[in-house]
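K.L.:
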Amino acid sequence: SNVGMVAGCYVLSGKVTRNCRIRVVRDGIVVADDEISGLQRFKDSVKEVAEGFECGISLEKFSDVKEDDIFEAYIIEEYRE
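Be aware that the sequence shown starts at 70, since it is given in our numbering, and climbs by one per residue.
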């Protein structure tokens with residue numbers, strides 16, 4: 070369930086997708102690394118949000134989000150040689 074904190078975010082560059090992980094950076098320090106539990110545009114759940122748009126992000130475990138926290142979205146990809 071998407072109970073908990075939804076952080077209001079603005080996508081500065083790239084895009085955020087539902088399968089991204091989020092690094093939460095506060096004052097230059099990584100304070101959390103978590104999975105996205107919910108990604109929203111207005112009240113609708115979406116699979117991705119593009120650069121230049123606002124969105125709401127809720128995380129699986131971390132809920133202590135503060136104003137000015139930076140969310141760095143990334144995807145772990147496995148490469149086979």
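Idealized CB from N, CA, C, for every residue including glycine. Small disclaimer: the values here were computed from a predicted structure and weren't measured.
With three or more beta-carbon pairs closer than 8 Å as the criterion, would you say the region 124 to 132 touches the region 103 to 112?
P.N.:
Flag = yes, the region 124 to 132 and the region 103 to 112 touch.
K.L.:
Would residue 91 be called buried (16 or more neighbouring beta carbons within 10 Å of its own) or exposed?
P.N.:
Translated into the one-based positions of the sequence shown, residue 91 becomes position 22. Under this definition residue 91 is a buried residue.
K.L.:
Using only the alpha-carbon positions, how far apart do residue 81 and residue 119 sit?
P.N.:
Here residue 81 is taken as the residue at index 12 of the sequence shown, counted from 1. Here residue 119 is taken as the residue at index 50 of the sequence shown, counted from 1. Spanning the two alpha carbons is a distance of roughly 9 Å.
K.L.:
Could you give the DSSP three-state label for residue 121: helix, strand or coil?
P.N.:
Along the sequence shown, one-based indexing puts residue 121 at 52. Correct three-state label for residue 121: coil.
K.L.:
Can residue 93 and residue 141 be called in contact, C-beta distance under 9 Å?
P.N.:
The residue labelled residue 93 in the question sits at position 24 within the sequence shown. The residue labelled residue 141 in the question sits at position 72 within the sequence shown. Taking 9 Å as the Cβ cut-off, residue 93 and residue 141 qualify as a contacting pair.
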